[in-house]
Amino acid sequence: MKFFWPNQSKNWKETIESIITAKPLSPFHPEVLSFLQSISKAILKDHSYRRYPELVALAYWLRKAHLSEMQESYVKKAGERMVLARGTALHFAPSNVDTIFVYSWVLSMLAGNSNILRISGRKQEQTELLLRAIINGLEDYPEVASRTAILTYEHNNETTQYLSERCHIRVIWGGDETVKAIRSIPLAPLATELAFPDRFSLSVLEAGAVLNADDHEFNGLIKNFYNDGFWFAQMACSSPRLIVWTGEEKSIESAQDRFWTQLNSYLDEHLEEYSPALQVQKLTTGYSLSDKESVVNFLHLPNFSRLKVNNIDLDIRERHCGGGLFVELDLPQLYDLIPFLDDKDQTLSYFGFTKSQLMEFAEGVGNRSIDRIVPIGQALDFEGIWDGYDLLMHFTREIVIR
Amino acid sequence: MIEPFEMDCKEKQTYLLNELNSLTNFHYKQCKPYRNMIDKSGQTTVAGSIEEIPYLPVQLFKLMDLYSINEDYVFKVLTSSGTTGQQVSKIYLDKETAAAQTKALVSLMKPLLGTKRLPMIIIDTKNVLKDRKSFSARGAGILGFSNFGRRPFYVLNEDMSVDWEGLTTFLEQHKGEKLLLFGFTFMIWKYFYQEAVKKGIHLDLGDSILIHGGGWKKLKEEAVSNEIYKGSLQSQFGMGSIHNYYGMVEQVGSIFAECSHGHLHTPIYADVLIRDQITFKPLPIGEQGLIQVLSVLPKSYPGHSLLTEDLGTIHGEDDCPCGWKGKYFSVAGRIPKAEIRGCSDTFAFDQKGENQS
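Protein chains in written order, with this note's numbering: chain A, 18 to 419; chain G, 79 to 435.
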């Protein structure tokens, strides 16, 4: 058991106990708000954070203006009702989307909860920078500090069980196996749980719109797509991995040509972080998938790989390795995508569709798939509503007074 | 039998290109998954140069069962060494390919070992060979090299302790003779050398020869270089020469042996290319990149041209001062594992879970 916060801990169970017994804060407590703003400022003014766009994005998310926006919308929803924190939230963060644990924690903190965060013990520069900003901040905000534990431990069932029995809400970010493993450990009878397992995401581009886009709009599309598809090495649950093209065959072909050619030159200039292992893995994945009947062809380039399919199943979704591998499917219309969707599919980012087309499409979806439909460029933006849950609402409870 | 290190570059390239093209063609016809990979990636089976021969990433054999023979003809299945829970490569051999591997290995070790079978010490346990139908990389290596020795003596007990008594008896029986010692780089170091150091045991093995392979990953962690390795073993055991080799279970038989000048050499049955780590474009002599290995031996499975995850550098061709022809190169180690950056991986819970079950 290693604590990142509090700094000194003689007996870890005592530390946990003191967090659990602390009285929850009121939602959007002023000290929580100023603590979050201080982190935002610390990140934005320190140059060492610039290398990590996801940390900068987090800092923007924590700015005063955005927090006020969230507060307004919360106040509107809560109305006259008496809405309070649940108590103590226990968060299991994924090891590698470094910022997720902060989003989860922040929303829970805004709800007023005390928080225990189990983060990955793996050393990564982004995480360490982030922790530095957080720990510096906590030192100045005792109300938050006394309600927070950030820790890591070699996974073992006893510790997880000890913590699970004491929290009021458990939040699991992780792979399917992780979610299953943690779920098998019982919670206190009164506690509830939010789980965010493996998901798969896609982009839909209307060929005509891609062809007709003027240079300015088109270059914006390329840049946005780059952010969505290449940050986190395409391994975030909302990173697009399937690219669906709609339109007539001929125009799809020209649109793809325009799109991939431009993306390739953009990547030549902007892609800095190449991983040799991922390059090999992409080639391996592409070849192994080539044995499937649904795979039409496989084009491996240094900047990205394209795998054209005429059908997509769960196997392709699960074997996807990230790192710039794009599965492509051509369809006449957006609506034709519906039968191909799987429960796993989370974010659909789009280019060239109207809101009413998207609404019609969303209404047509008959399974559990699709939790977000956003323009290309916003796939990775974290929102208070995730995988269909309004997180703030789930982090709180309502007292009925008649 | 063709001499392994005597053909010069020009002649060799023509010979290899022919052999490898006909293998590509053979596997294309016999192995449907391979055909799909070639067709769907828009490649052809006829290459104009060695560089153009299609190559498969070596870890593909961990994901798929790839073979070009009728299942009834599977004679042995080789598996790569992997820690528990890891996927292992499966290499399907028929009698013909297995025989060709043995023959090639015998011929390419001849320049080092001569034609006489030497009394042999295997620095491993007999256990590795228990199952005769399915072999680990260790088993395959031991079996392949046993052909060079007489009455091999296994120096490690089942629990990996050294059978010092047995060794003393063996050495007395063969006093004054040249011996062949064989084992895996890391195991020799940990279970034989370090034990000897601990016990203060020194041997004088005269002009005996030690052949070892299997990779440097763990020794690198302990900062043991090839030079340190050689020096330490020689001062402890006093053998005449120590030769490392580079080879893999996916291409058994056509290994790359270290010459008297410490370079790994390509024999006539095989070739290496170095490719850029990112673009996979072939690199010139002297530049480091991913090692691609080519071998004329794999007939029962499409493994004649493989892209490894090892980094290496070719230092020259046909002009090594040792006198052997062929490309000579060195291996620098493995590329770092892909860092999984994604929501899908929570704090290695998955891995731990595997160990527990």
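Virtual Cβ for every residue (Gly too), placed ideally from N, Cα, C.
In this structure, does DSSP put Y269(G) in helix, strand or coil? Here the question's residue 269(G) lines up with position 191 in the second sequence. Here Y269(G) sits in helix by DSSP.
Would you kindly work out how many angstroms separate the C-alpha atoms of L283(G) and Y93(G), rounded to a whole number? In the second sequence, residue 283(G) corresponds to position 205, counting from 1. In the second sequence, residue 93(G) corresponds to position 15, counting from 1. Straight-line Cα distance between these residues: approximately 40 Å.
Rounded C-alpha distance that separates H317(A) from G341(A): Stepping through the first sequence from its first residue, residue 317(A) is reached at position 300. Stepping through the first sequence from its first residue, residue 341(A) is reached at position 324. Cα-Cα distance, rounded: 10 Å.
If we ignore side chains and look at the alpha-carbon of each, how far apart do S35(A) and R164(A) end up? Position 18 of the first sequence, counting from 1, holds the residue named residue 35(A). Position 147 of the first sequence, counting from 1, holds the residue named residue 164(A). Their Cα atoms are separated by approximately 8 Å.
Reduced DSSP secondary structure (H/G/I, E/B, other) of M238(G): Here residue 238(G) is taken as the residue at index 160 of the second sequence, counted from 1. Here M238(G) sits in coil by DSSP.
So, using beta-carbon positions, are T116(A) and E71(A) closer together than 7 Å? Translated into the one-based positions of the first sequence, residue 116(A) becomes position 99. Translated into the one-based positions of the first sequence, residue 71(A) becomes position 54. A contact, by the Cβ cut-off of 7 Å.
Do you know offhand how far I352(G)'s Cα is from F264(G)'s? For this step, residue 352(G) is matched to residue 274 along the second sequence. For this step, residue 264(G) is matched to residue 186 along the second sequence. So the two alpha carbons sit approximately 26 Å from each other.
Can you list the alpha helix (DSSP H) stretches of 4 or more residues lying completely in the stretch 100 to 182 of chain A, in chain order? 117 to 128, 142 to 155 and 159 to 162
How is I128(G) classed by DSSP in three states: helix, strand or coil? The sequence position of residue 128(G) within the second sequence is 50, counting from 1. Here I128(G) sits in helix by DSSP.
Answer yes or no: does any C-beta atom of chain G fall closer than 7 Å to that of F315(A)? On the first sequence, residue 315(A) is found 298 positions in, with the first residue counted as 1. Closer than 7 Å to some Cβ of chain G, the Cβ of F315(A) qualifies, so yes.
Taking the C-alpha atoms as reference points, what is the distance between F427(G) and P203(A)? The residue given as residue 427(G) occupies position 349 in the second sequence. The residue given as residue 203(A) occupies position 186 in the first sequence. Unreliable positioning characterises F427(G) in this predicted model, as indicated by a pLDDT of 36, which lies under 50. A coordinate reading is not provided.
Terminal residues of the continuous beta strand (DSSP E) containing H317(A)? For the purposes of this step, residue 317(A) is taken as residue 300 along the first sequence, with counting starting at 1. Note, H317(A): beta strand (DSSP E), V312 to H317.
Three Cβ pairs or more, each shorter than 8 Å: is that satisfied between the stretch 204 to 223 of chain G and the stretch 247 to 257 of chain G? no
DSSP state of E432(G), grouped into three classes? For the purposes of this step, residue 432(G) is taken as the residue at position 354 of the second sequence. Since pLDDT at E432(G) reaches only 27, below the 50 mark, its modelled position is unreliable, and the value read off the structure follows with that caveat. Here E432(G) sits in helix by DSSP.
9 Å Cβ cut-off: residues of chain A touching G120(G): Stepping through the second sequence from its first residue, residue 120(G) is reached at position 42. Residues of chain A passing the Cβ test: N314, F315 and L316.
State yes or no: is the beta carbon of L207(A) nearer than 7 Å to at least one beta carbon in chain G? The count along the first sequence starts at 1 and reaches residue 207(A) at position 190. Not one chain G Cβ lies under 7 Å of L207(A).
Nearest residue (CA-CA) to V409(G), options P399(G), L389(G) and M238(G): Walking along the second sequence from the start, residue 409(G) turns up at place 331. Ranking P399(G), L389(G) and M238(G) by Cα distance to V409(G) puts L389(G) first.
With a CB to CB cut of under 8 Å and the five nearest residues on each side skipped, what residues in its chain are close to S65(A)? Within the first sequence, residue 65(A) is the residue found at index 48, counting from 1. Only L146 meet the Cβ criterion.
Which residues in chain A have a C-beta closer than 8 Å to the C-beta of L385(G)? List them in chain order. One-based indexing of the second sequence puts residue 385(G) at position 307. By Cβ distance, chain A contributes V297 and L300.
Going by DSSP, name the residue or residues bridged to L156(G). Walking along the second sequence from the start, residue 156(G) turns up at place 78. DSSP output for L156(G) lists I169(G) and F213(G) as bridge partner(s).
Going by beta carbon distance, what residues of the same chain come within less than 6 Å of P376(G), once the five residues before and after it are set aside? Working through the second sequence from its first residue, we reach residue 376(G) at position 298. These residues qualify, in order along the chain: H382.
Name the residues in the stretch 289 to 312 of chain G whose C-beta lies less than 8 Å from a C-beta of chain A; which are they? none
Between the stretch 401 to 415 of chain A and the stretch 101 to 109 of chain A, can you find at least three pairs of beta-carbon atoms closer than 8 Å? yes
If you follow the alpha helix (DSSP H) that T278(A) is part of, which residue opens it and which one closes it? Numbered from 1 along the first sequence, position 261 holds the residue referred to as residue 278(A). Counting along the chain, the alpha helix (DSSP H) containing T278(A) begins and ends at E266 to H287.
Closer than 8 Å between beta carbons: that is the criterion. Which residues of the stretch 130 to 150 of chain G meet it against chain A? L134, P135, Q137, L138, L141 and M142
What do you get for G331(G), buried or exposed, if any count of 16 or more other CB atoms within 10 angstroms of its CB means buried? Position 253 of the second sequence, counted from the start, is the residue given in the question as residue 331(G). Its Cβ being crowded by 16 or more others within 10 Å, G331(G) is buried.
Residue span of the alpha helix (DSSP H) that contains Y145(G), given as start and end: Residue numbering aside, residue 145(G) sits at position 67 when the second sequence is read from its first letter. Run containing Y145(G): none; DSSP gives neither H nor E here.
Give the straight-line distance between the Cα atoms of H172(A) and E400(A), rounded to the nearest whole angstrom. Here residue 172(A) is taken as the residue at index 155 of the first sequence, counted from 1. Here residue 400(A) is taken as the residue at index 383 of the first sequence, counted from 1. The straight-line gap from Cα to Cα measures roughly 29 Å.
Burial state of Q429(G) (16 or more Cβ within 10 Å): By one-based count along the second sequence, residue 429(G) stands at place 351. Low per-residue confidence applies at Q429(G): pLDDT is 33, beneath 50, and the placement is therefore not dependable, though the value from the model is reported in the following sentence. Flag for Q429(G) reads exposed.
For a test of the three-state rule: what should DSSP assign to T209(A), helix, strand or coil? The residue you call residue 209(A) lines up with position 192 of the first sequence. Note: T209(A) maps to strand in three-state DSSP.
Can you pull the DSSP bridge partners for W22(A)? Residue mapping note: residue 22(A) aligns to position 5 of the first sequence, counting from 1. Answer by DSSP bridge pairing, in chain order: I167(A).
Quick check on M187(G): does DSSP put it in helix, strand or coil? Taking the second sequence and counting its residues from 1, one reaches residue 187(G) at position 109. Note: M187(G) maps to helix in three-state DSSP.
Can you look up V302(G) in the DSSP assignment and give me helix, strand or coil? On the second sequence, position 224 is the one that residue 302(G) refers to. Coil at V302(G), not helix or strand.
Would you mind listing the alpha helix (DSSP H) stretches within the stretch 18 to 105 of chain A that are 4+ residues and don't spill past its ends, in chain order? 29 to 38, 47 to 62, 70 to 78 and 81 to 95
Using a Cβ-Cβ cutoff of less than 7 Å, which residues in the same chain neighbour H339(G) once the five nearest sequence positions on both sides are dropped? Taking the second sequence and counting its residues from 1, the one referred to as residue 339(G) is at position 261. Result list for H339(G): C398, P399 and C400, in chain order.
Mind listing the chain A neighbours of H115(G)? Cutoff is C-beta to C-beta under 9 Å, in chain order. Your numbering for residue 115(G) matches position 37 in the second sequence. In the sequence as presented, His is not what sits at residue 115(G); that position holds Met. G303, Y304, S305, S307, D308 and F315, listed in chain order.
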